[in-house]
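Student: If you read the sequence shown in the working numbering, its first letter stands for residue 613, the second for the next number, and so on. Where is the CB? At the ideal position from N, CA and C, for every residue including glycine. Since the structure is predicted, the reported quantities are computational estimates derived from the model, not experimental observations. I have a structure I would like to understand better, so I am pasting it below and will then ask my questions one at a time.
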Amino acid sequence: MMIIVPAVYIFFLGVFTIFQSRRLWIGQDKREALICALSMTLSAIVGMLLIAEVELPTFVLPYKIVFEPIGKLILSP
Numbered sequence: 613m614m615i616i617v618p619a620v621y622i623f624f625l626g627v628f629t630i631f632q633s634r635r636l637w638i639g640q641d642k643r644e645a646l647i648c649a650l651s652m653t654l655s656a657i658v659g660m661l662l663i664a665e666v667e668l669p670t671f672v673l674p675y676k677i678v679f680e681p682i683g684k685l686i687l688s689p
């Protein structure tokens, strides 16, 4: 079951992306088609990892590394 849900997600997202990219490509919007395909690919990868419950790093981690020692220094008795 753990493999089926991400696989179905990737399949349907891939079909949607192909149809959308082909529609843009035929309409002579080649740059927009490439941007759409790349953003959907990135979204598919992140979505698949989230469905599989893989722990992803957050954007907060660098700020936590920088400011946590300063906060502990200020709040220590």
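Keeping to the same chain, check which residues put their C-beta closer than 8 Å to that of Ala656; ignore five residues upstream and five downstream.
Tutor: As a first step, residue 656 is located in the sequence shown; it is residue number 44 there, counting from the start. If we look at Ala656 and ignore the five residues flanking it on each side, its Cβ neighbours are Tyr621, Ile622, Leu625, Gly626, Thr629.
Student: Grouping DSSP H, G and I as helix and E and B as strand, with all else coil, what is Phe671?
Tutor: Translated into positions along the sequence shown, residue 671 becomes position 59. Three-state DSSP puts Phe671 in coil, outside helix and strand.
Student: With distance defined between alpha-carbon atoms, name the residue in Leu685, Ala645, Leu662 nearest to Ala700.
Tutor: The first residue shown for the chain is 613 and the last is 689, placing residue 700 beyond what the model contains.
Student: Rounded to whole angstroms, what's the CA-CA distance from Leu636 to Leu687? Just pull it up for me.
Tutor: Here residue 636 refers to the residue found at position 24 of the sequence shown. Here residue 687 refers to the residue found at position 75 of the sequence shown. Their Cα atoms are separated by approximately 56 Å.
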